[in-house]
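Colleague:
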Amino acid sequence: MKKKLVGALMCVAMTATMLAGCGNSSEPATAPAPAEPAAPAQTQAAAPAETTPAEAPAETQAAEPAASGDVVTVGFAQVGHESDWRAANTKNYQDTFSAANGYELSFVDCDNDHAVQIETVRGFIEQELDYICIAPIQSAGWDTVLQEAQDAGIPVLIVDRAVDADASLYTTALGCDMVAEGEAAGNWLAEYLNGEDANILVIEGSVGASATLGRTEGFNNIVAQNSNWTVLDSQSGDFTQAGGQEVMESFIKSYSDFNVVVCQNDNEAYGAMDAMDAAGITYGTDGDVIIISFDATHDGLQYTLDGKITCNVECNPLQAGFAEGVIKKLEAGESVDAWTLVEDEAFVAPGIESAYAVTMSQEVLDGRAY
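Residue numbers (the working numbering): 438 to 807.
What follows is the structure, encoded as structure tokens:
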């Protein structure tokens, strides 16, 4: 185990920009509040979706294992606390990389600030942590700091989202296939509409995030196969409920003939529903508008069970176990795969049968871990 430097986790200027995790995590207006606890913004000893990295090598070189019995130090540069999904993902990492499990976790909520995230990773390098996990806010701009980590001999795991960087600069990547998620939503919609026209409004996630890019690409792949589908507009809601509501309110002022709203996460869907409720627009299985959402959090699936969200495509936030598996292999001196896929599925409202999704039931909802 590398010797850690003494001192604060980040410089004073950087610390001022960091917030406690989930602090502004939005919740649906009518659904019960998520049970996820707030995530700390500082180092603590407590306890990955996206496009597959292109042309990644089949295996990477194993790192030198830490001495037997040593505490393994792990730095996690998290995106922020913009959604219920993110809160569940943060808690999963904190629970997994806990003192009880033999780890010391340095966790930083980067509050959706790419510059802060880059400096956070540099701070982890200066501390000589054993491993660094990065859930990248943006896919671009990582080559320099990844090279710095490699020069320092610190293995880097790219988790949840992807980066536009040479795969040789990081040890491994893991997460969901966001392009596949977008295609799953499109394939379900084609099946459900069965040849009917679609006038579609899309509320995208954060600009530049690989989740946004992947889901958009995947859904558009299916749009291109259906000549009677039209995407009327597509704007970013920044993966938040407030953003989803603001974008939907703008859409309602500009368009009157839409029958499909695609929201790239559950929190945006809650905001879109708030806006349509205020405008007297009906949605869901008994309404005029089909809502497709992503993430399939507990509250999102409750809305799916209630028939308000018609289709919800999962992005599994419980990814820390995959990261720990990689670290255990590296500690044992073993090589690891360059890419680990975290699998997920889709869910549809009761009464809908689909070859692409599971029909929601109370039993399915009760079995959810997040």
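Ideal placement from N, C-alpha and C gives every residue a C-beta, glycine not left out.
Just so it is clear, the structure is predicted and the values come from calculations on it, not from any experiment.
Using the rule of at least 16 other Cβ atoms within 10 Å of the residue's Cβ for burial, across every protein chain shown, is D694 buried or exposed?
Modeller: Label assigned to D694: exposed.
Colleague: Between Y540, F513 and E618, which has its C-alpha nearest K765's C-alpha?
Modeller: Out of Y540, F513 and E618, Y540 has the C-alpha closest to the C-alpha of K765.
Colleague: Can you name the start and end residues of the alpha helix (DSSP H) that D670 belongs to?
Modeller: Taken as a continuous stretch (DSSP letters only), D670 belongs to no alpha helix (DSSP H), being part of the beta strand (DSSP E) at W666 to S673.
Colleague: With respect to 8 Å, is the separation between the Cβ of Y629 and the closest non-hydrogen atom of the ligand NAD below this value?
Modeller: The ligand NAD is not among the ligands present in this structure, which contains no ligands whatsoever.
Colleague: Under 8 Å: do the stretch 603 to 611 and the stretch 633 to 653 share three or more Cβ pairs, one atom per stretch?
Modeller: These segments do not touch.
Colleague: CA-CA distance, Q819 and L669?
Modeller: Residue 819 cannot be examined here, being either before or after the span of the chain that is shown, 438 to 807.
Colleague: Work out the CA separation of L542 and E563 for me, nearest whole Å.
Modeller: About 15 Å.
Colleague: Looking at C-alpha atoms only, which residue of S520, A712, T533 and L583 is the closest neighbour of V509?
Modeller: Of the listed residues, the one whose Cα sits closest to V509 is T533.
Colleague: Let me know the secondary structure DSSP gives S557 once reduced to three states.
Modeller: Residue identity differs from the one stated: residue 557 is Thr in this sequence, not Ser. In this structure, T557 counts as helix in the three-state DSSP scheme.
Colleague: Return the chain-ordered ranges of every alpha helix (DSSP H) run that is complete within the stretch 731 to 767 and spans a minimum of 4 residues.
Modeller: Correct list: 735 to 742.
Colleague: Consult DSSP for I571 and reduce its assignment to one of helix, strand or coil.
Modeller: I571 falls in the strand class under three-state DSSP.
Colleague: Less than 8 Å between the CB atoms is what I'm expecting for C570 and A760, so what's the real figure, rounded?
Modeller: Sure, about 6 Å apart at Cβ, within 8 Å.
Colleague: Would the beta-carbon of G623 fall within 9 Å of that of V660?
Modeller: Yes, the pair counts as a contact, with Cβ atoms nearer than the cut-off.
Colleague: Could you give the residue range of the beta strand (DSSP E) that holds D546?
Modeller: Run containing D546: Y540 to D546, per the beta strand (DSSP E) assignment.
Colleague: Helix, strand or coil: how does DSSP classify Y720 here?
Modeller: Strand.
Colleague: Given that a residue counts as buried once 16 or more other Cβ atoms are within 10 Å of its Cβ, and exposed if not, what is E782?
Modeller: Exposed, since its Cβ has fewer than 16 Cβ neighbours within 10 Å.
Colleague: Which of the three DSSP states, helix, strand or coil, is assigned to N549?
Modeller: Coil.
Colleague: For S505, which residues of its own chain have a beta-carbon under 8 Å away from its beta-carbon, when the five flanking residues on both sides are left out?
Modeller: Only weak support exists for where S505 lies, its pLDDT of 47 falling under 50; the coordinates are left without a value.
Colleague: Taking all protein chains shown into account, do 16 or more other C-beta atoms lie within 10 angstroms of the C-beta of N749, making it buried, or fewer, making it exposed?
Modeller: With 16 or more other Cβ atoms within 10 Å, it is buried.
Colleague: Given a threshold of 16 other Cβ atoms within 10 Å of its Cβ, counted over all protein chains shown, does M797 qualify as buried or as exposed?
Modeller: M797 should be labelled buried.
Colleague: What are the residues that DSSP puts in a beta bridge with D694?
Modeller: Beta-bridge pairing links D694 to no other residue.
Colleague: Distance, Cα to Cα, T741 vs L755?
Modeller: Looking at the two C-alpha atoms, the distance is approximately 21 Å.
Colleague: Given A621, which residues of its chain have a CB within under 7 Å of its CB, disregarding the five upstream and five downstream residues?
Modeller: Hits under 7 Å: V750, A783 and Y793.
Colleague: Just the Cα atoms here: how many angstroms apart are A602 and D580?
Modeller: Cα to Cα, A602 sits roughly 6 Å from D580.
Colleague: Quick check on the burial criterion: 16 or more other C-beta atoms within 10 angstroms. Buried or exposed for K690?
Modeller: Exposed is the call here.
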